[in-house]
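*Asks:* My questions all concern the structure below.
Chains as they are written, first to last, in our numbering: chain X, 115 to 442; chain R, 115 to 442.
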C-alpha cells in the first residue's frame, strides 16, 4: 500500500464507521466524516510510519482513522459551542440537526474511535487518550479565556499546544510507534509535529482574520470572537521566547472581542478597520503572526534531519511549508 | 481488600481523576463525580469479580471507576439535552456552569475514562467501548422517538437495553473477565446484569411518574417528557414477550407527551390525573410496570444459580431485589 492508497483506505474506513444501527447517527456522522477536509492528521500518521521504515499500512490505517475521528468529533462539539454554521464547506451538524443531535454525534464519534482503538496496544491507546484529553482541556481554556477577556500570549500558546499541536504530535507518534521506531526517531517526529501543529494553528488564526467564509469552508471570524485570533494578531511573538516583549494590550483585546461578537461572517480585518482599528498596526500584527508560523514550520522541518532520507520524509518536510503558505 | 474498601478506593480514584490542569474542569467534574449516587455499576464490577473467585481488587478498582465515569459523563450530557436542573441531589453541571462547559465536562470525563482504561487489555477495552457506543445510540433513539411521538413497546425495550442494560452487562463482564471467569460464568453474569438493568430502568421510569423531585434527587417527570416513562405506564408488558399483546395507544401517548412538556417537576401522576387522564388506568399501568420490573429482577436472580455460592453472589441476588423495591 502506498500513502495515497492508504489514505483512500482511511476514507473508506471513516465512511464504514459512520454506519450505526441508529439511522440518524449514520446520517450525521457520514455528513461530516464524508465531507473530506484536509486529512492532515491521518496523513501524518501514515507518513511518520513510512518515515521510520514501517510498511504495515493495513495496521496503521485504523490508527489514522481514529485520529481523524477524534479530531472531527471535537469539531462537531466546537461548532455547537461556537454556533458555527459552515464546516468543511457543508452545513454544520449543529446547524442542520440541532444541538442535541450534534452533541450525540460527537459522542458517537468519540466512542467509535475508542472501539476502533481497542484492539491496539496500551501504548498506542495511551498516546491517543492523552491527546484527546489535551484537546478537551485546550478547548475549555480557550472558551474560558474568551469569556473572561483574559487571553495573553502564554495562555494563547498553552491553548494551541493543547488544542492542536498535541494531536499532531500524537498522530506521528502513533505511526512511528506502530513502525517500531527508535526513541530518538519518535522524539524527533514528535517535535516536528508539535511545531507543525503550532504553525498550523497560528496560520489558521491569521486566516480567520483575513480570509472569508467561502474561502475557508467554515465560518470566518469565529475564532476571533472566541478570543483566539486576537492574541496572534496583536502579539505574534509567543512561543519559545516566553517572557520577552510585552503582553497583549488588554484594552485593545477587549475592544476587538466586543466588536467581533457583532461581526457578520466575512473578512474580519475589514470590519475591524471600518470600526477604527488601526489598519497598519493590524497588518503588521498579521505579518508578525505569519512570520512566527513560518519560523515554527522551519523549526519543524529541521527536526526531520534526525531521520534517514526518504520520500515520506520529503513529504513531511513539504507539509511544513504547505501548512503556513495555505490560504484556506 | 473487601468490596467496601474497594468501593471507597473507587470513590477516591473518581475524585483524583477529577483533577485537571484546567481548574474549571476539576471543579465541574468533582461536583458531579463527588456527589455520590448509588455507585451501582462499580459495585457490579467488584461483586462480579468476587463472585467468580477473583481477588485482585486493586486491578479491578480502575475498571469500576471507568464504568462509573462513562455513566456519569452520559448523565452530564443528558442533562444538557433534557434541561435537567437537579442530579444526585445537586444542581446539574449544565444548570450551574451552562451548556458549553457541561458539554466539555462530559467530553473530559469520556477521555479520562479512556485514559484510565488504556493500560488494560484489548478485551476489556472492547467490552467498555461497545457499551459506551450502545449508550449513545440508546440516548439518540430515545430523543428521536420522543420528538417524533413514535415510541412503541419494542422501541422502548430497545432503548432501555442500549441505554441502561448494556452498561450493567459490561460492568459484570469487566469484573468477571478480570477474574479469568469461564465463558459459562461470564455469560450467566451478563444475563443477570442485562435483566437487572432492564428492571432498574423500568423502575426508574415508574418512579419518574410517581415520585417527586426531592425524593429522586433529580428532576421528576423529565423522562416522561422524553417519552420514555409513557411506554411503561401505558404498556408494561414489553420485554421477552414481544409480539403478544397490543402496542401502546398512540393517541394517549401523544396526549401525555404534550401534557408533560408543560408540567412542573413534581409527581407527574397527579398532574396527569388532574388533566383528566384516567387515574385507575394509570395506577393499573404503573402496577404493570412494577410487575414487569419484578419479573425481570427475578429472572436476573435465577441466572446467578450458575455460579458457586458466595457472599458476593448473595449480594448480587440482594441487589436484584433492592433495585425494584427502591423509592428513589
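Built from N, CA and C at the ideal position, the CB exists for glycine as well.
1. Under 8 Å by Cβ, that's how I've got residue 291 (chain R) and residue 241 (chain R) pegged, so tell me the actual separation to the nearest angstrom.
2. So which residues of chain R does residue 164 (chain X) contact, with C-beta pairs closer than 7 Å?
3. Determine, using beta carbons only, whether residue 298 (chain R) and residue 414 (chain R) come nearer to each other than 9 Å.
4. What three-state label does DSSP hand residue 153 (chain X) in the structure shown?
5. With DSSP collapsed to three states, give me the class of residue 264 (chain R).
6. For residue 82 (chain X), would you say it is in contact with chain R, using Cβ-to-Cβ distances shorter than 9 Å as the test?
7. Distance cutoff 9 Å, beta carbons only. Does residue 359 (chain R) sit that close to anything in chain X?
8. Take residue 321 (chain X) as the anchor and find which of X:400, X:287, X:395 has the nearest alpha-carbon.
9. When you compare the region 115-123 of chain R with the region 139-150 of chain R, are there three or more beta-carbon pairs, one atom per stretch, that lie closer than 8 Å?
10. Whose C-beta lies closer than 8 Å to the C-beta of residue 435 (chain X) among residues of the same chain, with five residues either side of it excluded?
11. Go through the region 204-242 of chain X residue by residue and report every complete run of the alpha helix (DSSP H) that reaches 4 residues or more, in order.
12. When you compare the CB of residue 244 (chain X) with every CB in chain R, is at least one pair closer than 9 Å?
13. Among all the DSSP beta bridges, which residues are the ones paired with residue 201 (chain X)?
14. Kindly indicate the opening and closing residues of the alpha helix (DSSP H) around residue 304 (chain X).
15. Using a Cβ cut-off of 7 Å, pull out every chain R residue sitting near residue 257 (chain X), in sequence order please.
16. So does the region 213-226 of chain X actually touch the region 171-188 of chain X, counting three or more Cβ pairs closer than 8 Å?
17. What residues from chain X crowd round residue 135 (chain R), counting only those whose CB sits closer than 8 Å?
18. With H, G and I counted as helix, E and B as strand and the rest as coil, what does DSSP make of residue 392 (chain X)?
19. Say whether chain R places a C-beta atom closer than 9 Å to the C-beta of residue 171 (chain X).
20. Following the continuous alpha helix (DSSP H) through residue 130 (chain R), name the residue where it begins and the one where it ends.
21. Check whether the Cβ of residue 424 (chain X) lies closer than 9 Å to any Cβ atom in chain R.
22. Under the three-state reduction of DSSP, which class applies to residue 166 (chain X): helix, strand or coil?
23. Taking the alpha helix (DSSP H) that residue 195 (chain R) falls in, what are its first and last residues?
24. Around the C-beta of residue 237 (chain R), are 16 or more other C-beta atoms found within 10 angstroms, so that it is buried, or is it exposed?
25. Does the beta-carbon distance from residue 287 (chain R) to residue 149 (chain R) come in below 9 Å?
26. Are the C-beta atoms of residue 290 (chain X) and some chain R residue less than 9 Å apart?
27. Please list, in chain order, the chain R residues whose beta carbon lies closer than 9 Å to that of residue 233 (chain X).
28. Roughly how many whole angstroms lie between the Cα atoms of residue 153 (chain X) and residue 429 (chain X)?
29. Spatial neighbours of residue 283 (chain R) within its chain, please: C-beta separation below 6 Å, excluding the five flanking residues on both sides.
30. Would you please verify whether the beta carbon of residue 265 (chain X) is less than 9 Å from any beta carbon of chain R?
31. Between the region 166-185 of chain X and the region 206-219 of chain X, do three or more beta carbon pairs fall short of 8 Å?
32. Roughly how many angstroms lie between the CA atoms of residue 316 (chain R) and residue 278 (chain R), to the nearest whole one?
33. How long is the line joining the alpha carbons of residue 289 (chain R) and residue 140 (chain R), rounded to whole angstroms?
34. Can you tell which of R:417, R:426, R:310 has the C-alpha that lies nearest to the C-alpha of residue 406 (chain R)?
35. What did DSSP end up calling residue 248 (chain X) once you bin it into helix, strand or coil?
36. Return the CA-CA distance between residue 293 (chain X) and residue 182 (chain X), expressed in angstroms with no decimal places.
*Replies:* Reading off the structure:
1. 7 Å
2. Per Cβ cutoff of 7 Å: no residues; residue 164 (chain X) is ~25 Å from chain R at best.
3. no
4. coil
5. coil
6. Outside the displayed range of chain X (115 to 442) lies residue 82 (chain X), so it cannot be described from this structure.
7. Its pLDDT being 33, under 50, residue 359 (chain R) is placed unreliably in this model, and the value from its coordinates should be taken loosely. It does not: the Cβ of residue 359 (chain R) has no partner Cβ on chain X nearer than 9 Å.
8. X:400
9. no
10. 411, 415
11. 207-211, 213-231
12. yes
13. X:204
14. 297-324
15. 214
16. yes
17. 251
18. coil
19. no
20. 117-132
21. no
22. coil
23. 171-196
24. exposed
25. no
26. no
27. 236, 239, 240
28. 14 Å
29. 304, 307, 308
30. no
31. no
32. 10 Å
33. 28 Å
34. R:310
35. helix
36. 19 Å
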